[in-house]
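Chains as they are written, first to last, in my numbering: chain Z, 7 to 284; chain C, 6 to 134.
Note that CB positions come from ideal geometry on N, CA and C, so glycine has one too.
These numbers were taken from a predicted model, which means no experiment stands behind them.
Working notes, beginning with the structure itself.
Written out as structure tokens, the structure is:
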């Protein structure tokens, strides 16, 4: 076993036993372990999403790719350079202490590894208001990373279906201008609001709604709606769809929702399939 | 605890801009009543990045990234009027000065990562349309 591998194994062991040692050190006031330098070869995994661990890494040389998973796909979140740090999210988010993303060496890299006990006391003595503000930024980042993973994965799926089209695909995304009605899934109110479907495919639709009339409901990514729509030929279709993105198109006062279907009756799928055939 | 830092309350009508992207300003607010949308400009319109509710802090990114202090996103009153509390900036600056350098380094890295994530999401949305 070479020195690097040995050091890494020690560190992995450290990560798994960190909870216990962290507490023990606090009680006994033992000196925190010194900063360790580790080398990783290109492609080597440094931290793994959902694993336990709260060490913080500073890049001395090389580059590190931060990524997350959506299904079996890797979604790149950030490429970090010398001087930048990573692993701080698990440290700052003390409730979970699991990694919210993975990191691997994009090039041969040398990293400085800070044991969290180097920072714990400093962190605990931080003014509560700054801690609170930092927590809010952290939660927002965790949410954004999740959203990026969802949207990238959706784009990949669309690309794949685009490839299928070139190899004889029968359906595609159609530009339309069809009035629809919608209401949130799980809402006790049966009230429906009006929107306009601007384009539709077998996997999702883009729906424009008037911001004023839409104000009753929230349109956060992940929010789900029942949508009813009449296709040309008087075919009534019903589906549920989840908001993936919301943005303001050129027309002011309107909100454009990128949605993916989460449920569709068999009849709807058939009618929509026929409608989308070129 | 956040509320004890409020020095002034302001009310914004529906759709009014509370924080303007691109402007140098590091004031921090807390939403006292109503909803706020966080938006970012792209070449064709704007992308809504988040919908924030009562009790949420606004404008913390420009404050924590003290070197720049430039607003990287806009905050807009949504679904009706919004009442926000302006936090005591001098007191916040004083508290931030007490943060040890290494923790400041972590916080700055976090803010940078959040700014990058916002931009990445905008790129994905712009590319999809």
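Residue environment: residue 10 of chain C is assigned as buried (16 or more neighbouring CB atoms within 10 Å of its CB, all protein chains considered). Residue pairing from DSSP places residue 186 of chain Z in a beta bridge opposite Z/201 and Z/235. Residue 136 of chain Z places its beta carbon 7 Å or farther from that of residue 188 of chain Z.
Distance from the CA atom of residue 62 of chain C to the CA atom of residue 131 of chain Z, rounded to whole angstroms, is 21 Å. By the Cβ-count criterion, residue 31 of chain C is buried, with 16 or more other Cβ atoms from all chains shown falling within 10 Å of its own Cβ. Residues 277 of the same chain have their beta carbon placed closer than 6 Å to that of residue 241 of chain Z, with the five preceding and five following residues left out of the count. Using a Cβ-Cβ cut-off of 7 Å, residue 143 of chain Z is close to 65, 66, 69, 115, 116 and 119 of chain C, given in chain order. Counting only residues of its own chain and dropping the five nearest sequence neighbours on each side, residue 84 of chain C has a CB closer than 8 Å to the CB of 19, 39 and 40. In this chain, the alpha helix (DSSP H) harbouring residue 127 of chain Z covers 123-130. Of Z/191, Z/192, Z/209 and Z/202, the smallest CA-CA separation from residue 184 of chain Z is found for Z/202. Distances from the CA of residue 192 of chain Z to each of Z/283, Z/64 and Z/230 were compared; the closest alpha carbon is that of Z/230. In the DSSP secondary-structure assignment, residue 269 of chain Z is bridged to Z/246. The C-beta of residue 100 of chain C comes closer than 7 Å to at least one C-beta of chain Z. Under the three-state reduction of DSSP output, residue 145 of chain Z falls in the helix class. Residues of chain Z whose Cβ lies closer than 7 Å to the Cβ of residue 84 of chain C are, in chain order, 221.
Interface annotation, residue 252 of chain Z: in contact with chain C, CB-CB separation under 7 Å.
Contacts with chain Z (Cβ-Cβ distance below 7 Å) from the stretch 7-30 of chain C involve 7 and 10, listed in chain order. By the criterion of at least three beta-carbon pairs nearer than 8 Å, the stretch 118-134 of chain C is in contact with the stretch 143-154 of chain Z. Under the 10 Å beta carbon count, residue 99 of chain C is surrounded by fewer than 16 other beta carbons and is classified as exposed. Where residue 73 of chain Z is concerned, there is no enclosing alpha helix (DSSP H), although the beta strand (DSSP E) around it starts and stops at 70-76. For residue 33 of chain C, the closest of C/46, C/49, C/21 and C/12 by C-alpha to C-alpha distance is C/12. Restricting attention to Z/106, Z/97 and Z/113, the CA atom closest to the CA of residue 107 of chain C is found in Z/97.
By DSSP's assignment, residue 261 of chain Z forms a beta bridge with Z/215. Within the model, the alpha-carbon separation for residue 63 of chain Z versus residue 118 of chain Z is close to 6 Å. A straight line joining the alpha-carbon of residue 76 of chain Z with that of residue 54 of chain Z spans about 14 Å.
Counting only Cβ-Cβ distances below 8 Å, residue 110 of chain C has contacts in chain Z at 91, in chain order. The beta carbon of residue 198 of chain Z sits closer than 7 Å to those of 187, 188 and 189, all from its chain and outside the five residues before and after it, given in chain order. In this structure, the straight-line span from the alpha carbon of residue 46 of chain Z to that of residue 105 of chain Z is close to 19 Å. Non-local C-beta neighbours of residue 80 of chain Z in its own chain, meaning closer than 6 Å and more than five positions away in sequence, comprise 73, ordered along the chain. Burial state of residue 250 of chain Z is buried, judged by a 10 Å Cβ sphere holding 16 or more other Cβ atoms.
In the assembly as shown, residue 95 of chain C is an exposed residue. Its beta-carbon has fewer than 16 other beta-carbons within 10 Å.
When the alpha-carbon of residue 223 of chain Z is set against those of Z/207, Z/194 and Z/245, the nearest one is in Z/194.
Between residue 128 of chain Z and chain C, the shortest Cβ-Cβ separation is below 7 Å.
A distance of 7 Å or more separates the beta carbons of residue 69 of chain Z and residue 128 of chain Z. Restricting attention to Z/264, Z/59, Z/78 and Z/281, the CA atom closest to the CA of residue 92 of chain Z is found in Z/59.
Shortest Cα-Cα distance from residue 134 of chain Z to any of C/122, C/130, C/131 and C/103 involves C/103.
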